[in-house]
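Numbered continuously in this note's numbering, the sequence shown closes out at residue 124. Since the structure comes first, as structure tokens, the remarks are kept for the end.
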Amino acid sequence: MGIALIGMAVAASISFLLETLRWASYGPEGPHTIIDFNLYYGWVLLDLLPEVKVTESLGLVPPLQPRGAGAGVPLVAFRVLVIAGLLGTLKDWWQRRHPEGSSPTKGPANDAGAVQKESPA
Numbered sequence: 004m005g006i007a008l009i010g011m012a013v014a015a016s017i018s019f020l021l022e023t024l025r026w027a028s029y030g031p032e033g034p035h036t037i038i039d040f041n042l043y044y045g046w047v048l049l050d051l052l053p054e055v056k057v058t059e060s061l062g063l064v065p066p067l068q069p070r071g072a073g074a075g076v077p078l079v080a081f082r083v084l085v086i087a088g089l090l091g092t093l094k095d096w097w098q099r100r101h102p103e104g105s106s107p108t109k110g111p112a113n114d115a116g117a118v119q120k121e122s123p124a
């Protein structure tokens with residue numbers, strides 16, 4: 004979760020800078036603050052959970068609307084960062100659950116019905 008929050012702050016800062024330099028445009032018209040961009044990337048983070056439908060269920064609308072490629076680049080980079088972080092977390096979790104050399108299909112729970120051979124003394 005930490006990487007997502009840091010990514011939010013970085014993407015919001017870059018988007019704010021791009022708009023300030025007039026390399027990107029966001030709707031609605033008017034001056035936007037860094038808080039507007041942080042709220043937007045918070046909305047994007049919640050919206051990345053498609054089956055949970057958080058934004059739809061809570062009736063949240065995006066505070067900003069990116070317009071053009073200049074505004075889309077930080078958005079795509081943020082989404083890739085969040086998805087890569089999620090996949091990395093899942094990979095770490097899986098490796099902790101199934102250390103090298105072990106198989107998810109073999110183990111004490113799956114060998115419960117197996118006959119134990121006695122070892123020679």
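Cβ coordinates follow ideal geometry from the N, Cα and C atoms, glycine included. None of these values were measured; they are calculated from a predicted model.
Going by beta carbons, PHE40 and ALA72 fall outside the 9 Å limit. Contact annotation: GLY10 and LEU61 have beta-carbon atoms that are not nearer than 9 Å.
Of the residues ALA7, ARG100, GLN98, PRO102, the one whose Cα lies closest to the Cα of LEU51 is ALA7. In this structure, the straight-line span from the alpha carbon of HIS101 to that of GLY88 is close to 20 Å.
Sorting PHE81, ALA74, LEU90, GLN68 by C-alpha distance to the C-alpha of GLU32 places GLN68 at the top. Apart from sequence neighbours up to five positions away, the residues of its chain that approach HIS35 with a beta-carbon distance below 8 Å are PHE19, GLU22, TYR29, LEU67, ordered along the chain.
Scanning GLY75, ALA27, ALA74, LEU48 for the CA closest to the CA of MET4 turns up LEU48. The beta carbon of TRP26 sits closer than 7 Å to those of GLY73, all from its chain and outside the five residues before and after it, given in chain order.
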